[in-house]
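Below is one structure, written out as structure tokens, with a few remarks after it.
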Amino acid sequence: MSAFRVMRQDDNGNRFLVAAGLDRVAAERLAAEFEARGHKQLYWVEAEAEAADGEGPDTP
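Quick note, our numbering runs 5 ahead of the 1-based positions in the sequence shown.
Put into structure tokens, the structure is as follows:
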């Protein structure tokens, strides 16, 4: 099963992780809740990268 995360971009273009390890439905619901608050920030859902060998993307 794939995991998804919710990301946020502020007015200055800075990007932040809002939540991770969610299923797609929960991630989309959370992003929609934040969008509905009317802030100028942009929220979106993206799939989390899955490491094929169990190591993270920063592992050399």
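Glycine included, C-beta positions come from ideal geometry on N, C-alpha and C. Source: prediction; values computed, not measured.
In this structure, the beta-carbon distance from PHE9 to GLU53 falls below 8 Å.
The DSSP-derived three-state label of GLU40 is helix.
Residue pairing by DSSP places VAL11 opposite ALA24 and VAL50 in a beta bridge. Across the structure, HIS44 and ASN17 are spaced so that their CA atoms are roughly 13 Å apart.
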